[in-house]
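In my numbering, the protein residues as written are 182 to 357.
Every residue, glycine too, gets a C-beta built ideally from N, C-alpha and C.
Bear in mind the structure is a predicted one, so any value in this text is a computation, not a measurement.
Step one of this worksheet: look at the structure below.
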């Protein structure tokens, strides 16, 4: 299981190619996630960045790979941690829903938290608006919401991260 206590860390070797699905803010409505899992298979990992609203067990049961999840501001009675660190190849990913870091305004505080944890990536949700910010030493990524999008086109969104055999990151924002 991808769940654990605060600060739980898991490492993956990326010898060769990896495909990772990044989603957030399903809010208990998992139909679009089911579609995306079918569209993107096969996957090596999935990251869910919070607001699961009680469906973490179901999400784990339908995901064909290890699923790493963090809780969001609407996840009240859950054992899913609020933050998590996952190492993939030579990258360290700080996972947080983001609401405690002012992500509705900018990515400065969540990037600083990632740095403090020795991470070069910060994955977050909460805003329901997709972001791939590669402007400095920490890459900040928000897949938007797969259930309740708020960006201009109002289309459910998710991100695929492909890591090539050289360890290079390739982020692709996708819409349903």
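CA-CA distance, residue i and residue j?
i, j, result
"residue 351", "residue 341", "8 Å"
"residue 236", "residue 252", "11 Å"
"residue 326", "residue 215", "14 Å"
"residue 197", "residue 271", "13 Å"
"residue 247", "residue 262", "16 Å"
"residue 221", "residue 202", "8 Å"
"residue 296", "residue 308", "21 Å"
"residue 200", "residue 312", "19 Å"
"residue 231", "residue 277", "8 Å"
Under the three-state reduction of DSSP, which class applies to residue i: helix, strand or coil?
i, result
"residue 297", "helix"
"residue 239", "helix"
"residue 217", "helix"
"residue 265", "strand"
"residue 354", "strand"
"residue 289", "helix"
"residue 271", "coil"
So, is residue i buried or exposed, given that buried needs 16 or more other C-beta atoms within 10 angstroms?
i, result
"residue 282", "buried"
"residue 334", "exposed"
"residue 243", "exposed"
"residue 205", "buried"
Kindly identify the DSSP beta-bridge partner or partners of residue i.
i, result
"residue 349", "Looking at the DSSP assignment, residue 349 forms no beta bridge with any residue, so it has no partner."
With distances taken from CA atoms, which of the options is nearest residue i?
i, options, result
"residue 384", "268, 303 and 210", "Outside the modelled stretch of the chain, which goes from 182 to 357, sits residue 384, for which no answer is possible."
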